[in-house]
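All letters in the sequence shown, in the order written, are residues 373 to 590 by the numbering used here.
For every residue, glycine included, the Cβ atom is placed at its ideal position computed from N, Cα and C.
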Amino acid sequence: MVVHMFNLSPVMLGFLGGATAVGFPLLFNLVKELVFDWKKMKVERTYISVQLVFILDKFVSECAEVSWDRGFDEIYQEPVPEHLTPQVEPPIFDMSTVKGEYKYLEPTLIYKLQSIDIELLKIKQELREMTAHPWFGPEFMDKYFLLRRERYAALGLNVAELSENIRDKLEIDADHGWTPKDSLLRSKAQIARTKSKSAFNRMLKKAERIMRTKQQPF
Numbered sequence: 373m374v375v376h377m378f379n380l381s382p383v384m385l386g387f388l389g390g391a392t393a394v395g396f397p398l399l400f401n402l403v404k405e406l407v408f409d410w411k412k413m414k415v416e417r418t419y420i421s422v423q424l425v426f427i428l429d430k431f432v433s434e435c436a437e438v439s440w441d442r443g444f445d446e447i448y449q450e451p452v453p454e455h456l457t458p459q460v461e462p463p464i465f466d467m468s469t470v471k472g473e474y475k476y477l478e479p480t481l482i483y484k485l486q487s488i489d490i491e492l493l494k495i496k497q498e499l500r501e502m503t504a505h506p507w508f509g510p511e512f513m514d515k516y517f518l519l520r521r522e523r524y525a526a527l528g529l530n531v532a533e534l535s536e537n538i539r540d541k542l543e544i545d546a547d548h549g550w551t552p553k554d555s556l557l558r559s560k561a562q563i564a565r566t567k568s569k570s571a572f573n574r575m576l577k578k579a580e581r582i583m584r585t586k587q588q589p590f
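Here it is in structure tokens:
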């Protein structure tokens with residue numbers, strides 16, 4: 373009935389039968405290869421992502437250290453701004469130890485990882501421009517360290533969020549009782565208090581100058 377329905381000749385039926393006999397194994401092998409490639413991609417992506425979590429957490433921890441660096445050893449009394457010097461080296465983001473093929477990672481993740489180096493360069497450039505400004509002198513080193521702390525704290529928090537996103541996808545529990553993100557949040561709060569105090573002192577000094585001006589006789 374099927375033969376009469378499509379009006380197929382015996383020759384055509386033979387051709388179709390042969391094509392099916394050849395095509396089905398090819399299709400089966402193609403599907404098999406696609407499934408294999410998908411599984412390989414998933415395994416490779418997980419393998420690389422686990423390594424990235426450790427590298428990102430280490431970087432966040434180093435950012436946290438810089439975010440607390442006030443330019444002096446805090447077991448001693450705070451010196452005058454002119455004597456402030458870095459106690460902690462800025463972090464370096466290095467993925468050279470990560471094993472695996474990056475092509476299996478999501479493009480957005482690769483972009484975010486590459487952006488970390490760009491953000492580091494932007495911080496260094498901003499700090500360099502600050503110290504190169506004509507008004508800058510050793511007496512303003514406290515402001516330099518405050519800006520340095522603020523920028524590395526912000527970068528560390530951004531990278532911590534990236535690490536958390538990867539960890540969530542891998543369903544990895546990161547609760548070890550302490551995370552570098554906690555240190556960054558405390559540092560950020562302390563920086564905000566310092567800036568608020570400085571702003572208040574500037575307003576107070578400005579008000580005092582205005583009062584002295586008004587009290588001067590003509």
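Hey, how far is the Cα of residue i from the Cα of residue j?
i, j, result
"Cys435", "Leu518", "14 Å"
"Tyr419", "Thr457", "41 Å"
"Phe572", "Lys475", "52 Å"
"Ser439", "Gln486", "22 Å"
"Lys496", "Glu543", "35 Å"
"Leu529", "Pro451", "29 Å"
"Thr503", "Leu493", "16 Å"
"Gln449", "Ser433", "26 Å"
"Gln459", "Thr585", "43 Å"
"Gly509", "Leu527", "26 Å"
"Ile427", "Met467", "7 Å"
"Lys567", "Pro453", "16 Å"
"Gly472", "Leu424", "11 Å"
"Phe444", "Lys515", "14 Å"
"Tyr416", "Glu498", "Strictly speaking, residue 416 in this sequence is Glu, with Tyr absent from that position. Taking the straight line from one Cα to the other gives about 38 Å."
"Val531", "Ile488", "8 Å"
"Pro463", "Phe431", "7 Å"
"Ser570", "Tyr483", "38 Å"
"Asp540", "Thr551", "15 Å"
Judging by CA-CA distance, which residue of the options is the nearest neighbour of residue i?
i, options, result
"Thr480", "Thr566, Leu534, Glu416 and Ser570", "Leu534"
"Ala561", "Leu499, Arg521, Phe512 and Val422", "Arg521"
"Leu477", "Thr566, Ser559, Pro506 and Ile538", "Ile538"
"Leu429", "Glu511, Ala564, Ser468 and Glu536", "This sequence places Asp at residue 429; Leu is not what is there. Measuring from the Cα of Asp429, the nearest candidate turns out to be Glu536."
"Ser559", "Asp441, Pro462, Lys484 and Trp507", "Asp441"
Using the rule of at least 16 other Cβ atoms within 10 Å of the residue's Cβ for burial, across every protein chain shown, is residue i buried or exposed?
i, result
"Lys553", "buried"
"Phe465", "buried"
"Leu575", "Residue identity differs from the one stated: residue 575 is Met in this sequence, not Leu. Answer is exposed; the Cβ neighbour count stays below 16."
"Arg523", "buried"
"Ala579", "exposed"
"Ser555", "buried"
"Ser361", "This structure cannot speak to residue 361, because the chain is shown only from 373 to 590."
"Ala564", "exposed"
_Segments of 4+ residues assigned as alpha helix (DSSP H) that fall wholly inside the region 420-490_ = Whole alpha helix (DSSP H) segments, 4+ residues: zero.
*Mind pulling the alpha helix (DSSP H) runs of 4 or more residues that sit fully within the region 489-544?*
Every unbroken stretch of the alpha helix (DSSP H) spanning 4 or more residues and falling wholly within the region 489-544 is given here in chain order: 513-542.
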